[in-house]
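Remarks on the structure that follows.
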Ligand code: SF4
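Residue numbers (my numbering): 62 to 390.
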């Protein structure tokens with residue numbers, strides 16, 4: 062089956078059916094809720110054409126103030142543990158925290174959740190400093206067509222991302238990439254993505270759909286069509302049955318979730334957790350998973366789990382309370 066032609070010929074339903082069979086056979090029917098934990102609202106690069114950070118860089122005069130309080134980061138990790146959310150990765154703009162600081166935060170999160178942490182902290186060669194607290198390294202590829210990549214993300218070359226992931230593999234870490242759909246790519250560009258996944262032995266891909274930010278060139282661009290998104294995910298699943306696939310869905314596109322799950326997604330991400338928890342939007346995510354015939358690990362609505370208390374560092378308490386109050390409001 063030529064997967065790319067299937068997408069181009071609008072045969073998405075065929076792809077989804079095949080992808081669904083493969084997913085159930087290889088992965089079972091459990092779906093995770095994934096949360097990227099941000100370290101900072103600053104990025105040294107700030108030049109990716111779609112990125113919110115690119116609109117903020119000129120406004121931020123004191124980057125150190127854009128760093129998050131570490132107790133707030135750890136409080137978020139504790140709430141993920143309570144609600145059975147997976148931490149997709151720690152994500153930081155370039156130049157916001159040192160390697161030593163990131164390692165320290167990761168070790169603390171590992172202690173809290175009992176699970177090693179994935180990193181998505183930009184291109185770095187400084188991977189030997191990390192140990193058992195790290196599960197894997199993520200390369201933020203965004204768009205796999207090399208020419209488009211250079212135009213859209215001029216500050217982070219594909220070669221450097223590739224080198225980092227090769228090094229990560231040599232050091233025994235798992236490897237992930239992120240891809241954004243809707244940046245101007247075409248179905249034919251999937252060949253670059255497939256080559257990348259195969260060539261680097263990628264373990265996990267996170268797909269996002271474009272979120273058009275005000276002040277960027279994509280401000281008035283449409284988000285990718287639901288069936289195009291589903292077709293890309295389904296083709297990727299068919300090509301790589303064992304790959305873990307996470308799909309990002311914004312709060313304004315929750316109806317994408319069912320088709321994405323049937324196309325092979327193992328996890329869902331990109332939700333504003335505290336804003337959606339216990340609301341009709343959070344419950345809608347649960348319904349989407351239910352009606353795709355999948356089981357959900359993690360909750361968007363169980364307040365008892367959110368409030369479950371246990372002995373933790375007292376410094377985290379006020380931050381935890383603040384997050385829970387946000388959910389209850
Ligand atoms: S490197 Fe990442 S955070 Fe920085 S501008 Fe590009 S996409 Fe945004």
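For every residue, glycine included, the Cβ atom is placed at its ideal position computed from N, Cα and C.
Note that this is a predicted model, so its numbers are computed, not measured.
Beta-carbon proximity check, residue i vs residue j, cutoff 8 Å
i           : j           : result
residue 239 : residue 181 : yes
residue 325 : residue 83  : yes
residue 253 : residue 207 : yes
residue 395 : residue 68  : There is simply no residue 395 to check, as the chain begins at 62 and stops at 390 in what is shown.
residue 147 : residue 93  : yes
residue 204 : residue 251 : no
residue 286 : residue 322 : no
residue 149 : residue 103 : no
residue 299 : residue 76  : yes
residue 213 : residue 257 : no
residue 151 : residue 131 : no
Of the residues the options, the one placed nearest residue i, counting alpha carbons only
i           : options               : result
residue 6   : 249, 97 and 186       : It is not possible to answer for residue 6, since the shown part of the chain is limited to 62 through 390.
residue 79  : 365, 302, 350 and 166 : 302
residue 199 : 173, 223, 113 and 319 : 223
residue 233 : 131, 334 and 190      : 190
residue 305 : 74, 72 and 95         : 95
residue 197 : 247, 126 and 227      : 227
residue 201 : 215, 63 and 337       : 215
residue 355 : 319, 374 and 368      : 319
residue 231 : 357, 258, 188 and 382 : 188
residue 351 : 260, 66, 265 and 91   : 91
residue 111 : 166, 184, 282 and 72  : 282
residue 193 : 184, 168 and 183      : 168
residue 66  : 248, 359, 264 and 89  : 248
residue 156 : 176, 126 and 142      : 126
residue 357 : 384, 337, 89 and 113  : 89
residue 359 : 378, 113 and 339      : 339
7 Å Cβ shell around residue i - same chain, five flanking residues per side excluded
i           : result
residue 309 : 267, 268, 269, 270, 330 and 331
residue 138 : 98, 148, 170, 173 and 174
residue 129 : 99, 100 and 101
residue 381 : 136, 139 and 140
residue 472 : It is not possible to answer for residue 472, since the shown part of the chain is limited to 62 through 390.
residue 108 : 115, 215 and 216
Beta-carbon proximity list for residue i, same chain, < 6 Å, skipping 5 on both sides
i           : result
residue 219 : 207 and 210
residue 272 : 311
residue 376 : 132
residue 307 : 95, 267, 328 and 330
residue 153 : 100, 101 and 182
Presumed contact (8 Å Cβ cut-off) between residue i and residue j, rounded CB distance
i           : j           : result
residue 277 : residue 133 : The pair is not a contact, with the Cβ atoms about 27 Å apart (cut-off 8 Å).
residue 290 : residue 312 : That belief does not hold up - the Cβ atoms of residue 290 and residue 312 are roughly 16 Å apart, past 8 Å.
residue 370 : residue 347 : Between residue 347 and residue 370 the Cβ distance is about 24 Å, and since that is not below 8 Å, they are no contact.
residue 106 : residue 236 : Their Cβ separation, rounded to whole angstroms, is 21 Å, which puts residue 106 and residue 236 out of contact at 8 Å.
residue 335 : residue 387 : 4 Å
residue 44  : residue 367 : Not covered by the structure: residue 44. The range shown for the chain is 62 to 390.
residue 225 : residue 263 : Their Cβ separation, rounded to whole angstroms, is 13 Å, which puts residue 225 and residue 263 out of contact at 8 Å.
Own chain residues within Cβ distance below 8 Å of residue i, not counting five before or after
i           : result
residue 315 : 342, 345, 346 and 349
residue 384 : 136, 137, 140 and 335
May I have a chain-ordered list of the beta strand (DSSP E) segments no shorter than 3 residues that lie completely inside the segment 323–372?
Listed in chain order, they are 328–330 and 356–358.
Those runs of the beta strand (DSSP E) which lie wholly inside the segment 63–138 and span at least 3 residues
91–99
Secondary structure, beta strand (DSSP E): runs of 3+ residues fully inside the segment 263–324:
265–270 and 305–309
Ignoring anything shorter than 3 residues, give me the beta strand (DSSP E) runs that lie fully in the segment 158–233, in order along the chain.
Those beta strand (DSSP E) runs which fall completely within the segment 158–233 and span 3+ residues are 178–181 and 195–203.
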